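Asks: The working numbering numbers the first residue of the sequence shown as 2 and each following residue consecutively.
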Amino acid sequence: MLKERVNIDNIKAIKGMKFYDLILKEYKDIIDKVAICKLNGKYHELSEIIDEDGEIKPIGFDNDFGIKIYSRTLQFIFIKAALEIFPDSKITIEQSISKAIYGEIHKDAPLTELEIVKIKNRMQELIDKDILIKREKVSKERALEIVSNYNMKDKIKLIENCNLKEVTLCELDGVYDYFY
2 MLKERVNIDN
12 IKAIKGMKFY
22 DLILKEYKDI
32 IDKVAICKLN
42 GKYHELSEII
52 DEDGEIKPIG
62 FDNDFGIKIY
72 SRTLQFIFIK
82 AALEIFPDSK
92 ITIEQSISKA
102 IYGEIHKDAP
112 LTELEIVKIK
122 NRMQELIDKD
132 ILIKREKVSK
142 ERALEIVSNY
152 NMKDKIKLIE
162 NCNLKEVTLC
172 ELDGVYDYFY
């Protein structure tokens with residue numbers, strides 16, 4: 002999926018229509034390759050409703066920004082699956098020098114092969130359900146309260162040190178996270 006390019010012309014925006022529905026209408030065969038859309042210089046999620054005129058440029062999973070979206074989505078799915086299976090654990094996502102990403106599940110006992118399979122299977126179930134990841138703008142204080150419930154010390158520090166009054170959290174089926 003990541004290697005296929007999204008090479009299509011811009012699409013004329015239709016106010017009141019969701020970006021997803023417009024792309025589906027115009028280019029049904031590539032909808033699963035589109036990560037996000039750009040309209041008048043601003044990025045929009047596919048679930049958003051078009052609220053202005055202009056030309057829409059679909060951005061695929063084949064460019065740097067699309068790959069970043071894909072990667073963060075998988076990270077969030079991993080976090081949700083791991084927290085469902087190990088609710089008392091702490092999940093961390095790290096990046097290595099080689100741009101690789103790895104996750105760790107901090108819990109009392111080391112992971113077993115069976116537990117790894119359970120996480121993988123739960124991740125696939127979540128992907129198959131095609132649940133919308135929602136973005137929710139909340140006060141900085143509320144964001145700290147939510148993220149504190151997941152014991153994400155790194156995210157707590159990020160939110161505490163940001164100069165924003167409101168923070169955008171991502172929500173997947175009742176689990177919240179902060180991606181900067």
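Note that CB positions come from ideal geometry on N, CA and C, so glycine has one too. Keep in mind it's a predicted model, so treat the numbers as computed, not measured.
#1: Let's test the definition: count the other Cβ atoms within 10 Å of the Cβ of residue 118 and tell me whether it reaches 16, buried, or not, exposed.
#2: Helix, strand or coil for residue 19? Go by DSSP, reduced to three states.
#3: Hey, is residue 145's beta-carbon within less than 8 angstroms of any beta-carbon in chain B?
#4: On the DSSP letters alone, give me the boundaries of the alpha helix (DSSP H) that residue 116 sits inside.
#5: By DSSP, does residue 144 sit in helix, in strand, or in coil?
#6: Round the Cβ separation of residue 134 and residue 159 to the nearest angstrom and send it over; I've been treating them as touching at under 8 angstroms.
#7: From the DSSP output, which residues share a beta bridge with residue 39?
#8: Taking all protein chains shown into account, do 16 or more other C-beta atoms lie within 10 angstroms of the C-beta of residue 165, making it buried, or fewer, making it exposed?
#9: Which same chain residues end up closer than 7 angstroms to residue 11 when comparing Cβ atoms and leaving out the 5 residues on each side of it in sequence?
#10: For the pair the region 83 to 103 and the region 59 to 67, tell me if three or more CB-CB distances fall below 8 angstroms.
#11: Could you give the distance in angstroms between the alpha-carbon of residue 32 and the alpha-carbon of residue 88?
#12: Return the CA-CA distance between residue 13 and residue 39, expressed in angstroms with no decimal places.
#13: Taking the straight line between their C-alpha atoms, what separation do you get for residue 137 and residue 178?
#14: May I ask which residues mark the beginning and end of the alpha helix (DSSP H) holding residue 156?
#15: In the DSSP assignment, find the beta strand (DSSP E) that holds residue 70 and state where it starts and stops.
#16: Give every residue of the same chain whose Cβ lies closer than 6 angstroms to the Cβ of residue 93, excluding the five residues on either side of it in the sequence, and list them in chain order.
#17: Measure how close the beta-carbons of residue 156 and residue 148 come, nearest whole angstrom, since I'm counting them as under 8 angstroms.
Replies: Once the coordinates are examined:
#1: exposed
#2: strand
#3: The displayed structure is made up of one protein chain only, and chain B is not part of it.
#4: 114 to 130
#5: helix
#6: Not a contact, Cβ separation roughly 19 angstroms.
#7: 44 and 58
#8: exposed
#9: 56, 57 and 58
#10: no
#11: 34 angstroms
#12: 12 angstroms
#13: 10 angstroms
#14: 154 to 162
#15: That residue, residue 70, is in no beta strand (DSSP E); its alpha helix (DSSP H) goes 65 to 86.
#16: 105
#17: 5 angstroms
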